[in-house]
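In the working numbering, each residue carries its 1-based index in the sequence shown increased by 108. Even for Gly, the Cβ is constructed at its ideal location relative to N, Cα and C.
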Amino acid sequence: MVKVNLNVTYLSQIISLTLSIKQTTRSTYLKRESSMGSTQVCSSCLQVLTLLVLISFASGSRSGLSPQVLAEQEADRVVRIPGQPKVDFKQYAGYVTIDKSHGKALFYWFFEAIESPEKKPLLLWLNGGPGCSSIAYGAAEELGPFLTQKGVPELKFNEYTWNKAANLLFLESPVGVGFSYTNTSEDIENLGDTIVAKDSYTFLVNWFRRFPQYKSHDFYLSGESYSGHYVPQLAEVIFDANKNATKDNNYIKFKGFIIGNALLDDETDQNGMVDYAWDHAVISDRVYKNIKKKCNFSISDPPLECTAALDKYFDVYSLIDMYSIYAPTCLDSNATGRYLPKIKGIAPKIFSKFDGWRKKPAGYDPCVSYYTEAYFNRPDVQEALHANVTKIPYPWTHCSTNISFWDDAPSSILPIIRKLRAGGLRIWVYSGDADGVIPVTSTRYTLNKLGFTTKEEWTPWYHHKEVGGWTIIYDGLTFVTVRAAGHLVPILAPKQSLQLIKHFLANQKMPSVEFS
Numbered sequence: 109m110v111k112v113n114l115n116v117t118y119l120s121q122i123i124s125l126t127l128s129i130k131q132t133t134r135s136t137y138l139k140r141e142s143s144m145g146s147t148q149v150c151s152s153c154l155q156v157l158t159l160l161v162l163i164s165f166a167s168g169s170r171s172g173l174s175p176q177v178l179a180e181q182e183a184d185r186v187v188r189i190p191g192q193p194k195v196d197f198k199q200y201a202g203y204v205t206i207d208k209s210h211g212k213a214l215f216y217w218f219f220e221a222i223e224s225p226e227k228k229p230l231l232l233w234l235n236g237g238p239g240c241s242s243i244a245y246g247a248a249e250e251l252g253p254f255l256t257q258k259g260v261p262e263l264k265f266n267e268y269t270w271n272k273a274a275n276l277l278f279l280e281s282p283v284g285v286g287f288s289y290t291n292t293s294e295d296i297e298n299l300g301d302t303i304v305a306k307d308s309y310t311f312l313v314n315w316f317r318r319f320p321q322y323k324s325h326d327f328y329l330s331g332e333s334y335s336g337h338y339v340p341q342l343a344e345v346i347f348d349a350n351k352n353a354t355k356d357n358n359y360i361k362f363k364g365f366i367i368g369n370a371l372l373d374d375e376t377d378q379n380g381m382v383d384y385a386w387d388h389a390v391i392s393d394r395v396y397k398n399i400k401k402k403c404n405f406s407i408s409d410p411p412l413e414c415t416a417a418l419d420k421y422f423d424v425y426s427l428i429d430m431y432s433i434y435a436p437t438c439l440d441s442n443a444t445g446r447y448l449p450k451i452k453g454i455a456p457k458i459f460s461k462f463d464g465w466r467k468k469p470a471g472y473d474p475c476v477s478y479y480t481e482a483y484f485n486r487p488d489v490q491e492a493l494h495a496n497v498t499k500i501p502y503p504w505t506h507c508s509t510n511i512s513f514w515d516d517a518p519s520s521i522l523p524i525i526r527k528l529r530a531g532g533l534r535i536w537v538y539s540g541d542a543d544g545v546i547p548v549t550s551t552r553y554t555l556n557k558l559g560f561t562t563k564e565e566w567t568p569w570y571h572h573k574e575v576g577g578w579t580i581i582y583d584g585l586t587f588v589t590v591r592a593a594g595h596l597v598p599i600l601a602p603k604q605s606l607q608l609i610k611h612f613l614a615n616q617k618m619p620s621v622e623f624s
């Protein structure tokens, strides 16, 4: 039996705060609808929550957390989601308000590290799109501890989950994506790179207020695809804000970021896409030469001749999975919505205008997106995650259909990379070498454009006795390829991806010799 030593004042504070939570932070978790349409307090839920707060305060008071903070954390505590395997680590999910006047809140899912969470760093993962969910791809299909699977309601434990290396935080951003919402329609209409970075920073500041025990941890950003924009831009906001922040205020112990198959520079990325497709025997000599003759990727508005040439390029990619050119495609007739929403104004400016660019990625099981959407649209799953509290009038999807215009998307992120590298942040870039969307060729062109001095030349790295890929170390930036992996590296190379993130967080070079 747990012995709880609390004075009367603290006890009354905790009970008061617990009752307050019932009203303000998780009404759908603590209430149930009556048959007459009115709401009734779930007394058993409230009793359980009160007990959890009391027990947490007994242990948390020694670490200096206030009763209010403990109560807020327990309101977000996820005891178990339907079908999950038994685990010993804690998980939390819920909303963080970023603009009260607009009714604007972002949804997160957080997993403590499996071992020694008090010692491990905090890692935020962001998926791209723009407009795609980090819960859908990152948490449920790539690198989270629980993976969706075909035909059974149970989730599969991911043996290579990244919370073996870090305390792992997923964020659905911007508003309109996944369970994140706003009550102000203009917020959806005015989205862009700048707003996403600003809102994500506000989320972090407010999340650290809810979980202040993690403010002392080293903090890192990670992501893939359009997060080649999201991650460096958020990194820049944190970097600049830290100059004026105090450690008692909004200072974030930010150390660096890692991005995979990342969109970084329109010109080099788009040239690399075409060269990769030809070099990997996807397009013919005729298609390749015609694109090279008709298209200038240094401009954003191509002539009609270029558009016609690129139509042939995407016609070929419609036959295979562009995100992993050697992987199977989904043949399930029930799997719908295989294309990302069309959003005007996003980067890369030319390729993003084509339907072929918007195909959704797959993995070992190319129909996995169908299983994930079925799972997260279940009411019991949403209740367990404290999600969809506003009853959004559309189904949860991998990528938002609510976003149709993007206000700002710079053609190159390289100036930010140069600035942050000069500021001393750790920067790693990785690339699955079977990706046709933002292929390794594109990333190599982009990194060469940066012009950083090479410190250690191109060399293989090893995953046990197999070559895992190749790596090159520049002055202030490390580049790693992952052999045979596609756009979503943690899906197609889960073992190697865990090894990669462990080495990044430890600031260690990838192993250059075989090991057992």
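For residue j and residue i, the rounded distance between their alpha carbons
i      : j      : result
Val424 : Val489 : 39 Å
Asp207 : Arg317 : 15 Å
Lys401 : Ile391 : 15 Å
Ser209 : Trp578 : 49 Å
Asn369 : Ile524 : 17 Å
Val575 : Phe513 : 43 Å
Asn291 : Val283 : 10 Å
Gly540 : Lys617 : 18 Å
Ile367 : Gly331 : 5 Å
Tyr434 : Arg591 : 12 Å
Asn510 : Lys499 : 15 Å
Tyr478 : Asp326 : 36 Å
Ala183 : Val497 : 13 Å
Leu606 : Phe405 : 35 Å
Asp543 : Ile428 : 11 Å
Ile599 : Ala593 : 8 Å
Ala385 : Asn271 : 35 Å
Thr595 : Ala416 : Looking at the sequence shown, residue 595 is not Thr but His. When rounded, the distance between both Cα atoms is 26 Å.
Pro193 : Ala201 : 17 Å
Gln604 : His571 : 6 Å
Ala530 : Ile407 : 28 Å
Tyr502 : Gly286 : 10 Å
Gly168 : Ala492 : Because Gly168 sits at a pLDDT of 44, beneath the cut-off of 50, its placement in the model cannot be relied upon, and the point is left open.
Gly418 : Tyr396 : The question names Gly, yet the displayed sequence has Leu at residue 418. Approximately 9 Å between the Cα atoms of the pair.
Pro610 : Pro619 : Looking at the sequence provided, one finds Lys at residue 610 rather than Pro. C-alpha separation (whole angstroms): 12 Å.
Val476 : Glu249 : 8 Å
Gln199 : Ala482 : 22 Å
Asp516 : Pro175 : 42 Å
Asp356 : Ala495 : 31 Å
Val597 : His388 : 19 Å
Own chain residues within Cβ distance below 8 Å of residue i, not counting five before or after
i      : result
Ser281 : Leu214, Leu234, Ser242, Ser288, Val304, Asp307, Ser308, Phe311 and Tyr338
Leu558 : Leu522, Ile525, Arg526, Tyr582 and Leu585
Thr205 : Lys212, Ala213 and Asn314
Terminal residues of the beta strand (DSSP E) in which residue i lies
i      : result
Trp233 : Leu230 to Leu234
Gly576 : Glu574 to Tyr582
Phe218 : Lys212 to Phe219
His611 : From DSSP, His611 is part of no beta strand (DSSP E) but of the alpha helix (DSSP H) over Pro602 to Ala614.
Val204 : Gln199 to Asp207
Leu276 : Asn275 to Glu280
Enclosing alpha helix (DSSP H) for residue i [first to last residue]
i      : result
Lys401 : Asp393 to Lys402
Arg526 : Leu522 to Ala530
Gln341 : Ser335 to Asn350
Tyr502 : Premise fails: Tyr502 is in no alpha helix (DSSP H) and is neither H nor E.
Gly380 : Asp374 to Asp387
Cβ-based neighbour list, residue i, same chain, cut-off 6 Å, excluding 5 preceding and 5 following
i      : result
Ile580 : Trp566 and Phe587
Phe197 : Glu220 and Ile222
Phe278 : Trp217, Trp233, Ser242, Ile243, Gly246 and Ala247
Leu255 : Lys264 and Asn266
Phe484 : Trp504
Glu180 : Arg318
Pro602 : Tyr268
Glu622 : Tyr570 and Lys573
Pro225 : Asn275
Glu262 : Gly191
Gly237 : Tyr334 and Cys507
Thr554 : Leu372, Asp373 and Thr376
beta-carbon residue i near the ligand PLP non-hydrogen atom, thresh 7 Å
i      : result
Glu250 : This structure lacks the ligand PLP; in fact it carries no ligand of any kind.
Distance between beta carbons of residue j and residue i, contact taken as under 8 Å
i      : j      : result
Leu371 : Gly336 : 4 Å
Phe365 : Leu329 : 4 Å
Ser324 : Lys361 : 7 Å
Ser520 : Asp373 : 4 Å
Nonlocal neighbours in the same chain, by C-beta distance under 7 Å from residue i, ignoring five residues either side
i      : result
Ala274 : Ala221, Lys228, Pro229, Leu230, Leu231 and Leu613
Leu528 : Pro340, Ala343, Glu344, Phe347 and Ile535
Asp295 : His210, Lys212 and Val283
Check your understanding: Is the segment 567-576 in contact with the segment 546-553, if contact means three or more CB pairs nearer than 8 Å?
Key -> no
Point to revise | Cβ contact (3+ pairs, closer than 8 Å) linking the segment 377-388 and the segment 343-358 | key: no
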